[in-house]
Amino acid sequence: MGVSELFWNASLEELKRGYIQQDDHVVCLLCGKRLEKGVVYPADGVFYEAERYMRVHIEQAHQSVFDYLIRLDKKLTGLTDHQNRLLRLFYQGKSDADVQKELGIGSASTIRNHRFALKEKERQAKVFLTMMELLKERDKHAPAFLDVHQTARMVDDRYNVTLDEYDKILKKYFPAGTDGPLKTFALKEKHRLVVLREIAKRFQPERIYTETEVNQILQAVYDDYVTVRRYLIEYGFLDRKDDGSQYWLKA
1 MGVSELFWNA SLEELKRGYI QQDDHVVCLL CGKRLEKGVV YPADGVFYEA ERYMRVHIEQ
61 AHQSVFDYLI RLDKKLTGLT DHQNRLLRLF YQGKSDADVQ KELGIGSAST IRNHRFALKE
121 KERQAKVFLT MMELLKERDK HAPAFLDVHQ TARMVDDRYN VTLDEYDKIL KKYFPAGTDG
181 PLKTFALKEK HRLVVLREIA KRFQPERIYT ETEVNQILQA VYDDYVTVRR YLIEYGFLDR
241 KDDGSQYWLK A
């Protein structure tokens, strides 16, 4: 199961924690880092067991679960830019007066009104989540949809892909199997998303690649590897340094 699937299938408590227990490993829901239970991990001269070290990892790599979540695309969080800024400041422990001064809006009472609106949004989210959980128990006709990867830059109807459609698209464009070459990259947007998602699986999490190494991997996929590489970055599957010296798989 990929990182995005683990993320979206996690419980609220697991998401708040930022990691899950999985067999003999502890897995980061934010980037997929896996730590083996029973192994001692060193950090700054201190030795930690796996679960405790995972908390150290989240702090070092992601600052906090909140910081990671607040940076997600607004179509994943459902927050407006203004709500996002407010939540960031509230999380930093700012008073209403401090928030009002920093944003330069209204008065302290205006900020209290925003707090109330956010609380209302929380109540609505709880009710909606409960209804969706109850619906899952009764709706026998709902198709399984492709999960949206957390690092997606453009979240729209191109993600309206069922798992059955996903398999059919892969069979169509990877006739020799998903480890083989791509038939064509002249694709509809929805099909391109599926193909790029599969190509991204050829890169290892937490590994840094040179541009030459990336090109070698992608040349085995498609002749126009430069275009494929560009789209992998554009769709949020790969990231790189500005000078192109290093590439890595995004969580």
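Position 120 of the sequence shown, counting from 1, maps to 120 under UniProt numbering, and the rest follow consecutively. C-beta atoms are modelled at their ideal positions from N, C-alpha and C, and glycine is treated no differently. Please read all numbers here as calculations on a predicted model, not as lab measurements.
| Check | Outcome |
| --- | --- |
| Reference E211, options G32, R229, Q150 and T77, closest by Cα | R229 |
| Residue closest to D223, alpha-carbon to alpha-carbon, out of G244, L182, Y235 and Q204 | L182 |
| Inter-residue spacing [alpha-carbon to alpha-carbon] between V155 and Q92 | 28 angstroms |
| For L196, the nearest candidate out of Y231, L118 and R52 (CA to CA) | Y231 |
| Cα-Cα separation, I208 to D239 | 10 angstroms |
| A220 versus Y41 - alpha carbon distance | 36 angstroms |
| Range of the contiguous alpha helix (DSSP H) that encloses H191 | E189 to I199 |
| Contact check, D164 vs E5, beta carbons under 8 angstroms | no |
| As assigned by DSSP and simplified to three states, the class of E36 | strand |
| Start-end ranges of the alpha helix (DSSP H) lying completely within the segment 143-182, minimum 4 residues | 163-173 |
| First through last residue of the alpha helix (DSSP H) which encompasses Y231 | Y225 to E234 |
| CB contact flag (C28, Y19, <8 angstroms) | yes |
| Reference K227; option with closest CA among K250, W248, S245 and R192 | The residue asked about is misnamed: residue 227 is Thr in this sequence, not Lys. If we check each option's Cα against that of T227, R192 comes out closest. |
| Q83 - DSSP class collapsed to helix/strand/coil | helix |
| C-beta atoms of R153 and G236 nearer than 8 angstroms | yes |
| Where the beta strand (DSSP E) containing R112 begins and where it ends | From DSSP, R112 is part of no beta strand (DSSP E) but of the alpha helix (DSSP H) over A108 to R138. |
| Where M132 falls, given that 16 or more other Cβ within 10 Å makes a residue buried | exposed |
| Buried or exposed (CB count within 10 angstroms, at least 16 for buried), A97 | exposed |
| Unbroken alpha helix (DSSP H) run spanning A43, endpoints | Premise fails: A43 lies in the beta strand (DSSP E), Y41 to A43, not in any alpha helix (DSSP H). |
| Cβ-Cβ distance between K33 and T151 below 8 angstroms | no |
| In DSSP terms, what Y53 is bridged to | None, per the DSSP bridge assignment. |
| Contact under 8 angstroms by Cβ, V194 with I233 | no |
| Reference G180, options E13, L218 and R158, closest by Cα | L218 |
| Pairwise C-alpha distance: E213 and F66 | 34 angstroms |
| 8 angstroms CB neighbourhood of E102 in its chain, flanking five on each side removed | L89 and K94 |
| Straight-line gap, A125 to A176 (C-alpha atoms, nearest Å) | 44 angstroms |
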